[in-house]
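Chemist: Residues in the sequence shown are numbered consecutively from 160, following this note's numbering.
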Amino acid sequence: MASASLLKSSPVFDKSEFVKGQPLLRQPAVAAVPCRPVSSSALTVRASSYADELVKTAKTIASPGRGILAMDESNATCGKRLDSIGLENTEANRQAYRTLLVTAPGLGQYISGAILFEETLYQSTTDGKKIVDVLVDQGIVPGIKVDKGLVPLAGSNNESWCQGLDGLDSRSAAYYQQGARFAKWRTVVSIPNGPSSLAVKEAAWGLARYAAISQDNGLVPIVEPEILLDGDHGIERTFEVAQKVWAEVFFYLAENNVMFEGILLKPSMVTPGAESKDKATPEEVADYTLKLLKRRIPPAVPGIMFLSGGQSEVEATLNLNAMNQAPNPWHVSFSYARALQNTCLKTWGGRPENVKAAQEVLLIRAKANSLAQLGKYSAEGESEEAKKGMFVKGYSY
Ligand code: 13P
Numbered sequence: 160m161a162s163a164s165l166l167k168s169s170p171v172f173d174k175s176e177f178v179k180g181q182p183l184l185r186q187p188a189v190a191a192v193p194c195r196p197v198s199s200s201a202l203t204v205r206a207s208s209y210a211d212e213l214v215k216t217a218k219t220i221a222s223p224g225r226g227i228l229a230m231d232e233s234n235a236t237c238g239k240r241l242d243s244i245g246l247e248n249t250e251a252n253r254q255a256y257r258t259l260l261v262t263a264p265g266l267g268q269y270i271s272g273a274i275l276f277e278e279t280l281y282q283s284t285t286d287g288k289k290i291v292d293v294l295v296d297q298g299i300v301p302g303i304k305v306d307k308g309l310v311p312l313a314g315s316n317n318e319s320w321c322q323g324l325d326g327l328d329s330r331s332a333a334y335y336q337q338g339a340r341f342a343k344w345r346t347v348v349s350i351p352n353g354p355s356s357l358a359v360k361e362a363a364w365g366l367a368r369y370a371a372i373s374q375d376n377g378l379v380p381i382v383e384p385e386i387l388l389d390g391d392h393g394i395e396r397t398f399e400v401a402q403k404v405w406a407e408v409f410f411y412l413a414e415n416n417v418m419f420e421g422i423l424l425k426p427s428m429v430t431p432g433a434e435s436k437d438k439a440t441p442e443e444v445a446d447y448t449l450k451l452l453k454r455r456i457p458p459a460v461p462g463i464m465f466l467s468g469g470q471s472e473v474e475a476t477l478n479l480n481a482m483n484q485a486p487n488p489w490h491v492s493f494s495y496a497r498a499l500q501n502t503c504l505k506t507w508g509g510r511p512e513n514v515k516a517a518q519e520v521l522l523i524r525a526k527a528n529s530l531a532q533l534g535k536y537s538a539e540g541e542s543e544e545a546k547k548g549m550f551v552k553g554y555s556y
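#1: By DSSP, does E519 sit in helix, in strand, or in coil?
#2: Could you check where the alpha helix (DSSP H) with T262 kicks off and where it finishes?
#3: Express the C-alpha separation of P457 and S427 in angstroms, rounding to a whole number.
#4: Go ahead and pull the three-state DSSP assignment for E544.
#5: Taking contact to mean at least 3 C-beta pairs separated by less than 8 Å, is the region 318-326 in contact with the region 345-360?
#6: What does the shell around ligand 1 hold, if a residue joins when its beta-carbon is under 7 Å from any heavy atom?
#7: Quick check: what's the CA-CA separation for F341 versus T279?
#8: What are the residues that DSSP puts in a beta bridge with V310?
#9: Going by beta-carbon coordinates alone, are T388 and A433 separated by less than 8 Å?
#10: So, for F550: in the same chain, excluding its five sequence neighbours on each side, which residues have a beta-carbon less than 7 Å away from its beta-carbon?
#11: Should the region 294-312 be called in touch with the region 264-276, which here means at least 3 C-beta pairs below 8 Å?
#12: Determine contact between the region 370-382 and the region 322-336, defined as no fewer than three beta-carbon pairs at a distance below 8 Å.
#13: Applying the criterion that 16 or more other CB atoms from any shown protein chain within 10 Å of the CB defines a buried residue, is T249 buried or exposed?
#14: Have a look at G421 and G308 and give me their C-alpha separation to the nearest angstrom.
#15: Which value, in whole angstroms, describes the spacing of the CA atoms of R185 and S492?
#16: Which of the three DSSP states, helix, strand or coil, is assigned to S198?
#17: Based on Cα-Cα distance, which residue from K535, L449, W489, E232 lies nearest to K218?
#18: When you compare the region 439-451 with the region 235-251, are there three or more beta-carbon pairs, one atom per stretch, that lie closer than 8 Å?
#19: Please state if the CB of T506 and the CB of A516 are separated by a distance shorter than 8 Å.
#20: Is I270 close to ligand 2? I mean its beta-carbon at under 7 Å from any heavy atom of the ligand.
#21: Would the region 476-490 and the region 208-216 be scored as touching if the rule is three or more Cβ pairs under 8 Å?
#22: By the 10 Å Cβ neighbour count, where 16 or more other Cβ atoms means buried, how is A485 classified, buried or exposed?
#23: Once DSSP output is grouped into helix, strand and coil, what is the label at W507?
#24: Assign P238 to one of three DSSP states: helix, strand, or coil.
#25: If we count Cβ pairs, one from each stretch, closer than 8 Å, do we get three or more for the region 398-412 versus the region 357-367?
#26: Thinking C-beta only, is A401 closer than 8 Å to V429?
#27: What first and last residue would you give for the alpha helix (DSSP H) that runs through A378?
#28: For N252, which of G265, A263, S222, S283 has the nearest alpha-carbon?
#29: Quick one: is A273 near chain B, going by C-beta distance under 8 Å?
#30: Return helix, strand or coil for P101, following the three-state DSSP convention.
#31: Measuring only the C-alpha atoms, how far is G509 from A255?
#32: So, helix, strand or coil for M482, using DSSP?
#33: DSSP on S207, reduced to helix/strand/coil?
#34: Might you give, ordered along the chain, the residues of its own chain that have their beta carbon closer than 7 Å to the beta carbon of T285, omitting 5 neighbours on each side?
#35: Going by DSSP, which residues form a beta bridge with P301?
#36: Would you check if the distance between the CB atom of A358 and the CB atom of N415 is smaller than 8 Å?
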């Protein structure tokens, strides 16, 4: 059963939007799109019966001046964050922190979607309200991390592949019932370790299978092949690898009949490696990144929601702002975890008396990125803390 409170109206959703998607209440699928003919007997592939809803969800998330709050750290990664402020990695502490984030007053003005870890999707706030309901009340679409993390890729040069396809269909259906309307699958590509064509193909294929399964279950897939910042290479090398990766990703998305109007992308920005002697200005990052996107991403895709990848909060915002100085064919926005949460987490420090101040800091970052999405951000008056880089070698989620 869907959560009854999901059916209440909000700035983004109304009752009909949620009711429409419920499997028991849906009309049978009528649309069919042709697939490549393989013989004289025509082979057709049914469009997802959620097609209209997927397009609507993707457009809601990719709405002007808004982006995604990524708060889907696995329990292990969340533990590292909590440890950095001297807190134990308990469910109660994770719940307290996530409650702080989702209850920040007015967050929905800048944030259109929040990616949750499975524990949080089924969790309540410290006051006993379902987290999903709090988000919907804020006008924020709940999303869910569905991948099961990275493991070593046999036959490669210490590269990795992303697990999680087994059982994904039934898990996705359950997540939809719980209120999720979009999904995230993060796989990574390492430049210093290759990337080998095997690793790139595996990453692209996994993303495409996941995207097809998500759409089949009413979840808009965020397609995230993160090209890690690790390495001392220059920006040209990142650009070259990114072109290869995105070509492969779109080849397999098409092979898997994924509807491009109902996906969102989460790329890394094109920058020099974190250990490179070269540094790039926001204008250079924007030039390379937009050139990559224009070469590889069809305009049917509604939104490009960048990850921050270890950039400082201010750097991630400045780079996004530089990309929005002229109109783009897609909504170019953010889906940051570290670059939205870092100073907020430090300001909180695990103390109840700091919750309000930490929420204010979160809103400052969310507003800054909202302005950057509109191309109107200035870094004037930003704190020193917000300028500190957060790169960690081999970072995982
Ligand atoms: P960062 O913005 O911290 O790189 O997070 C990326 C991510 O995939 C979170 O969902």
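We put the CB at the ideal spot given by N, CA and C, even for glycine.
What you are looking at is a predicted structure, and each value in this text was computed from that prediction instead of being measured.
Modeler: To lay it out plainly:
#1: Here E519 sits in helix by DSSP.
#2: Here T262 belongs to no alpha helix (DSSP H), and DSSP marks it neither H nor E.
#3: 17 Å
#4: helix
#5: yes
#6: A229, D231, I274, K304, K343, R345, E383, E385, K425, L466, S467, G468, G469, S494, Y495, A496, R497, A498, Y556
#7: 15 Å
#8: W320
#9: Note that residue 388 corresponds to Leu in the displayed sequence, not to Thr. Yes.
#10: L388, A433, G469
#11: yes
#12: Three or more Cβ pairs drawn from the region 370-382 and the region 322-336 lie within less than 8 Å of each other, which places the two stretches in contact.
#13: So T249 counts as exposed.
#14: C-alpha separation (whole angstroms): 24 Å.
#15: The predicted position of R185 is uncertain, since its pLDDT is 37 and thus under 50; a value taken from the coordinates is nonetheless stated next. Looking at the two C-alpha atoms, the distance is approximately 32 Å.
#16: Confidence in S198 is poor, its pLDDT being 48 and thus under 50, which makes the residue's placement unreliable; the coordinate value appears in the next sentence. Of the three classes helix, strand and coil, the one that applies to S198 here is coil, per DSSP.
#17: W489
#18: no
#19: yes
#20: The model depicted lacks ligand 2 and carries ligand 1 instead.
#21: no
#22: exposed
#23: DSSP places W507 in helix when its eight states are reduced to three.
#24: Before going on, a small fix: residue 238 reads as Gly here, not Pro. In this structure, G238 counts as helix in the three-state DSSP scheme.
#25: yes
#26: Their beta carbons are under 8 Å apart, which means V429 touches A401 by this criterion.
#27: A small fix is needed here, since residue 378 is Leu in this sequence, not Ala. Per DSSP, L378 belongs to no alpha helix (DSSP H) and is neither H nor E.
#28: S283
#29: Among the protein chains of the structure shown there is no chain B, as only one such chain exists.
#30: With the chain covering only 160 through 556, there is no way to say anything about residue 101.
#31: 8 Å
#32: Note: M482 maps to helix in three-state DSSP.
#33: coil
#34: So the list reads Q254, A255, T258, once near-sequence residues are dropped.
#35: A273
#36: For A358 and N415, no; Cβs fall outside 8 Å.
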